[in-house]
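The first sequence lines up with residues 4 to 664 when you count with the numbering used here. Below: the structure, in structure tokens.
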Amino acid sequence: MSASITVSVAGNERSVAEATTAADLFADDRAIVVARVNGELRDLAHVLADGDAVEPVRIDDPDGLQVLRHSCAHVLAQAVQQVNPDAKLGIGPPIRDGFYYDFDVTTPFTPEDLKELEKVMQRIINEGQTFVRREVSDEDALVELAGEPFKCELIGLKGGSAEDAAEGAGVEVGGAQLTIYDNVRRDGTRAWGDLCRGPHIPTTKLLGNAFKVTRSSAAYWRGDQANQQLQRVYGTAWPTKADLTAYLDRLAEAERRDHRKLGIELDLYSFPDELGSGLPVFHPKGGVLKREMEDYVRRRHIEEGFLYVGTPHISKEGLFHTSGHLPYYADTMFPPMSMEGSDYYLKAMNCPMHNLIYRSRGRSYRELPLRLFEFGSVYRYEKSGVIHGLTRVRGLEMDDSHSYVTPEQAPAEIKHLLNFVLSLLRDFGLDDFYLELSTRDDSGAKKGKFIGSEEQWAEATQILADVAAESGLDLVPDPGGAAFYGPKISVQARDAIGRTWQMSTIQYDFNQPERFGLEYQAADGSRQQPVMIHSAKFGSIERFMGVLVEHYAGAFPPWLSPVQVLGVPVAEEYAGYLREVLSGLAAQGVRVELDESDDRFPKKIRNASKSKVPFVLIAGEDDRAAGAVSFRFRDGSQRNGIPVAEAAAEILAAIASRTQV
RNA sequence: GCCGCCUUAGCUCAGUCGGCAGAGCGAUUCACUCGUAAUGAAUAGGUCUGGGGUUCGAUUCCCCAAGGCGGCUCCA
Numbered sequence: 004m005s006a007s008i009t010v011s012v013a014g015n016e017r018s019v020a021e022a023t024t025a026a027d028l029f030a031d032d033r034a035i036v037v038a039r040v041n042g043e044l045r046d047l048a049h050v051l052a053d054g055d056a057v058e059p060v061r062i063d064d065p066d067g068l069q070v071l072r073h074s075c076a077h078v079l080a081q082a083v084q085q086v087n088p089d090a091k092l093g094i095g096p097p098i099r100d101g102f103y104y105d106f107d108v109t110t111p112f113t114p115e116d117l118k119e120l121e122k123v124m125q126r127i128i129n130e131g132q133t134f135v136r137r138e139v140s141d142e143d144a145l146v147e148l149a150g151e152p153f154k155c156e157l158i159g160l161k162g163g164s165a166e167d168a169a170e171g172a173g174v175e176v177g178g179a180q181l182t183i184y185d186n187v188r189r190d191g192t193r194a195w196g197d198l199c200r201g202p203h204i205p206t207t208k209l210l211g212n213a214f215k216v217t218r219s220s221a222a223y224w225r226g227d228q229a230n231q232q233l234q235r236v237y238g239t240a241w242p243t244k245a246d247l248t249a250y251l252d253r254l255a256e257a258e259r260r261d262h263r264k265l266g267i268e269l270d271l272y273s274f275p276d277e278l279g280s281g282l283p284v285f286h287p288k289g290g291v292l293k294r295e296m297e298d299y300v301r302r303r304h305i306e307e308g309f310l311y312v313g314t315p316h317i318s319k320e321g322l323f324h325t326s327g328h329l330p331y332y333a334d335t336m337f338p339p340m341s342m343e344g345s346d347y348y349l350k351a352m353n354c355p356m357h358n359l360i361y362r363s364r365g366r367s368y369r370e371l372p373l374r375l376f377e378f379g380s381v382y383r384y385e386k387s388g389v390i391h392g393l394t395r396v397r398g399l400e401m402d403d404s405h406s407y408v409t410p411e412q413a414p415a416e417i418k419h420l421l422n423f424v425l426s427l428l429r430d431f432g433l434d435d436f437y438l439e440l441s442t443r444d445d446s447g448a449k450k451g452k453f454i455g456s457e458e459q460w461a462e463a464t465q466i467l468a469d470v471a472a473e474s475g476l477d478l479v480p481d482p483g484g485a486a487f488y489g490p491k492i493s494v495q496a497r498d499a500i501g502r503t504w505q506m507s508t509i510q511y512d513f514n515q516p517e518r519f520g521l522e523y524q525a526a527d528g529s530r531q532q533p534v535m536i537h538s539a540k541f542g543s544i545e546r547f548m549g550v551l552v553e554h555y556a557g558a559f560p561p562w563l564s565p566v567q568v569l570g571v572p573v574a575e576e577y578a579g580y581l582r583e584v585l586s587g588l589a590a591q592g593v594r595v596e597l598d599e600s601d602d603r604f605p606k607k608i609r610n611a612s613k614s615k616v617p618f619v620l621i622a623g624e625d626d627r628a629a630g631a632v633s634f635r636f637r638d639g640s641q642r643n644g645i646p647v648a649e650a651a652a653e654i655l656a657a658i659a660s661r662t663q664v
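Structure (structure tokens):
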């Protein structure tokens with residue numbers, strides 16, 4: 004007699020036969036690839052117990068996608084070891100939009116190798132191999148995997164420390180019970196197997212042809228620079244071929260928006276080799292963009308009560324000892340210049356100099372909050388391998404401010420700063436944010452990096468956390484991500500195609516005021532130490548410009564466009580008429596250009612389109628006769644015969660309101 | 001900094017199994033003056049990233065350096 008058990012399936016109580024598997028429950032829906040049993044993801048082959056709560060997980064659910072990609076990583080590893088039996092396995096977790104697998108091989112993978120691997124993977128997938136879970140003891144696993152030194156190392160780390168051992172290592176040995184997943188062919192023979200926590204999709208068939216091997220690179224074993232480098236192969240996998248194609252299209256769109264490419268096309272900036280790596284120069288059009296950004300940000304700061312200051316690019320080293328930066332960041336600062344018996348450093352941060360301004364005379368509590376702000380040029384010796392366009396440079400301009408406040412004023416000031424930075428970002432067209440709270444972490448490798456007492460850190464962190472919570476935005480913890488002198492909130496902004504960028508930062512610092520001996524005289528006549536709050540709104544002007552170029556794909560809103568209005572005469576005869584129209588606009592501060600080349604009209608239209616100028620004004624006989632112009636917009640739409648005064652008013656209004664057209 | 005790949009005209013890229021280098025776009029000039037994404041023709045433009053080596057001969061092969069790209073590590 005077969006006993007029955009009661010399970011809860013997607014919230015409904017059901018009585019089923021003993022030994023029923025999750026697969027039995029969801030057999031009629033092929034999109035269900037894994038199950039969540041009592042909150043844990045399980046293979047569909049998992050045998051249910053009385054009282055289990057079972058939820059179906061679809062292939063296109065976030066969890067389902069992770070499982071799909073992790074299974075695809077196994078197929079990749081099987082393919083690699085089929086082609087090269089000497090390859091040793093590292094780890095192979097799912098990542099955003101795909102997966103990777105690390106291998107120890109004597110020669111790195113070539114692009115041809117990757118194509119070959121893709122073919123081998125397709126054959127494995129077509130075989131319809133099933134993923135079969137098998138529990139093993141630690142001892143048996145060590146024997147079976149004696150040829151896989153990295154796996155053996157992970158077995159030694161299994162349990163609580165595995166997640167810390169390496170990002171992604173948890174997918175191999177995350178649980179208390181070690182398991183091996185065997186890939187079994189239809190004839191029952193074992194094709195391959197891998198130490199793995201699982202779960203997996205039931206069969207490789209589900210991968211179809213919706214996967215791709217994308218690239219390879221080196222990666223340090225367990226993410227540590229001190230360890231051996233392995234060769235990492237990246238891939239992507241999706242529920243359907245259409246999903247894969249859409250993903251590849253997204254990548255292509257990101258490539259089209261690449262600010263390095265658009266910077267050349269739009270003649271905004273360049274990176275001359277002669278200057279050195281990571282040192283951009285801004286061409287006239289990029290210069291306009293940069294100046295518009297700075298002018299606007301400077302004005303908004305002043306409106307919000309900041310005082311604009313200026314400080315030099317270099318300083319004697321003592322200053323950076325006082326601040327505490329030099330011991331921590333000496334290797335990321337440019338080496339010093341010796342002059343008149345002193346060592347001078349290019350500054351990598353502005354706060355020490357602002358502290359000197361604060362300290363230049365006695366301060367009263369009546370002056371607080373005292374908010375100092377500048378576009379400070381800083382230089383950081385970024386490692387050669389990390390330099391990237393405008394987003395990671397060695398010379399940059401920070402829109403940096405320091406608010407000096409009483410401890411009681413700190414929460415309100417932080418709130419003020421957060422609202423201020425969010426409003427600034429919105430003005431530039433970014434309006435989708437979340438926050439990150441970077442804190443001290445004494446358990447990890449960064450232990451010892453932080454100065455100040457635990458109580459001070461706890462208090463500062465709590466203040467930031469409270470303000471962040473009050474904002475209503477999502478808050479993501481970032482343990483260990485704080486600077487040495489205090490915790491920080493950072494604002495992450497999503498751009499037009501969904502990528503996130505770290506923008507503004509707000510840091511609570513109780514250390515530097517002490518190190519600099521900053522004080523103010525309180526109402527009772529006593530001397531008190533202020534708290535300083537660091538804040539960068541865009542992080543760096545360069546980086547933010549890069550983000551804006553990609554966010555707008557080079558098609559800036561009129562107020563930021565290097566050229567706002569481009570005149571295109573239908574024929575040479577109408578150039579004079581257009582010139583008059585344009586000079587009228589220029590007199591009102593509009594940035595105008597006239598296409599006086601001897602190109603034919605269609606070519607001028609093409610050039611105008613490629614330049615991404617927001618307003619193209621066209622004039623021919625019809626327009627001139629009517630005292631009008633014709634608009635052509637970036638989307639190709641047009642409005643003909645608009646009276647000149649009306650056109651001018653529309654253009655000026657769009658610029659003034661900072662709207663996109 | 002580490003690993004891999006790459007560096008040819010202003011830009012995008014061919015090419016040379018080692019024998020004094022090509023295209024398109026762009027630029028300049030001439031003709032054309034045209035109503036919504038490329039008119040035609042001509043001309044100029046390159047110590048083939050730099051330095052060493054091998055060779056009768058190196059842009060091509062080898063070594064080193066610089067710069068770029070993709071990752072890793074890092075990012076006050």
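Cβ atoms here follow ideal geometry from the backbone N, Cα and C, with glycine treated the same way.
- The residue from N129, L79, Y272 and G93 with its alpha-carbon nearest to that of T239 is L79.
- For N358, the closest of A333, R369, S345 and S404 by C-alpha to C-alpha distance is S404.
- A Cβ-Cβ contact shorter than 8 Å links L233 with W224.
- In this structure, K615 keeps its C-beta atom at 8 Å or more from the C-beta atom of V571.
- Rounded to whole angstroms, the gap between the alpha carbons of T110 and F519 is 54 Å.
- Residue burial is scored here from C-beta neighbours: Q510 has at least 16 other C-beta atoms within 10 angstroms and is therefore classed as buried.
- In this structure, the beta-carbon distance from V312 to L254 does not fall below 8 Å.
- Sixteen is the threshold: when 16 or more other Cβ atoms of the shown chains lie within 10 Å of the Cβ of G392, as they do, the residue is buried.
- Excluding five sequence positions before and after A221, the CB atoms of its chain that fall closer than 8 Å to its own CB belong to P111, Q232, L233, Q234 and R235, given in chain order.
- Straight-line measurement puts the Cα of L68 at about 21 Å from the Cα of T24.
- Within the model, the alpha-carbon separation for R502 versus D626 is close to 43 Å.
- Distance from L373 to Y347 at the Cβ level is roughly 28 Å; contact not present, criterion being Cβ atoms closer than 8 Å.
- Secondary structure of H391 (DSSP, three-state): strand.
- For Q531 and A415, the gap between their C-alpha atoms comes out near 19 Å.
- When DSSP reads this structure, E576 sits in no beta bridge, so it has no partner.
- Under the three-state reduction of DSSP, F112 is assigned to coil, being neither helix nor strand.
- No residue range can be given for R661, since it is assigned to no alpha helix (DSSP H) and is classified by DSSP as neither H nor E.
- With contacts defined by Cβ atoms closer than 8 Å, S345 and S280 do not form a contacting pair.
- The beta carbons of N186 and F153 sit about 19 Å from each other, so the pair does not count as a contact at 8 Å.
- Within the DSSP bridge table, the entry for G101 names I98 as partners.
- If you check the CB distance, V57 and S11 come in under 8 Å.
- Under the three-state reduction of DSSP output, L433 falls in the coil class, being neither helix nor strand.
- The closest CA to that of L433, considering only V37, I128 and L425, is found on L425.
- Taking 8 Å as the cut-off, the Cβ atoms of V584 and V632 count as close.
- Cβ-Cβ separation between F378 and E297: approximately 6 Å, consistent with a contact (criterion under 8 Å).
- For Y368, the three-state secondary structure derived from DSSP is helix.
- T394 is not a Cβ neighbour of N353, given a cutoff of 8 Å.
- Between L198 and L148, the C-beta gap is smaller than 8 Å, which places the two residues in contact.
- Counting every other CB atom within 10 Å of its CB across the protein chains shown gives K293 a total of 16 or more, marking it as buried.
- Residue nearest to I267 within the set G289, C75 and H419 is G289 (criterion: CA-CA distance).
- In the DSSP assignment, W195 forms a beta bridge with N186.
- Burial state of S446 is exposed, judged by a 10 Å Cβ sphere holding fewer than 16 other Cβ atoms.
- Judged by pairs of C-beta atoms under 8 Å, the region 587 to 602 touches the region 561 to 575, as three or more such pairs exist.
- Within the region 588 to 650, the runs of alpha helix (DSSP H) at least 4 residues long that lie entirely inside it are, in chain order, 604 to 614 and 624 to 629.
- Counting only runs of at least 4 residues, the region 218 to 303 fully encloses the following alpha helix (DSSP H) elements, listed from N- to C-terminal order: 244 to 259 and 262 to 268.
- Relative to F618, the option among G528, I654 and I645 whose CA is nearest is I654.
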